[in-house]
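Note that the sequence shown covers residues 2 to 46 in the numbering used here.
Here a beta-carbon is modelled for each residue, glycine too, at the ideal position from N, C-alpha and C.
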Amino acid sequence: MIDREIVTRNFPEGRGTLDVIGIYELEGDKIKRAWFKQGKPVLTE
2 MIDREIVTRN FPEGRGTLDV IGIYELEGDK IKRAWFKQGK PVLTE
């Protein structure tokens, strides 16, 4: 399963967003393993 989220958070430079991709390996209906890749932060303030 693959999931994409736009995450809003506070960075040392100020508030911003970043794109996060989650890749999940499933076993039955449970997550067996997960990997995450995040993009470059984009400051919004």
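Out of Thr45, Glu26, Gln39, Lys31, state which residue places its alpha-carbon closest to the alpha-carbon of Arg5. Counted from its first residue, the sequence shown places residue 5 at position 4. Closest by alpha carbon: Gln39.
For Glu46, the first and last residue of its enclosing beta strand (DSSP E): What you label residue 46 is simply residue 45 of the sequence shown in a count that begins at 1. No beta strand (DSSP E) holds Glu46; DSSP gives it neither H nor E.
Taking a contact to mean a Cβ-Cβ separation below 8 Å, would you say Glu26 touches Arg34 in this structure? Translated into the one-based positions of the sequence shown, residue 26 becomes position 25. Translated into the one-based positions of the sequence shown, residue 34 becomes position 33. Against a cut-off of 8 Å, the Cβ pair of Arg34 and Glu26 comes out as a contact.
Work out the CA separation of Phe37 and Thr18 for me, nearest whole Å. Stepping through the sequence shown from its first residue, residue 18 is reached at position 17. Stepping through the sequence shown from its first residue, residue 37 is reached at position 36. The alpha-carbon atoms of Thr18 and Phe37 are separated by roughly 16 Å.
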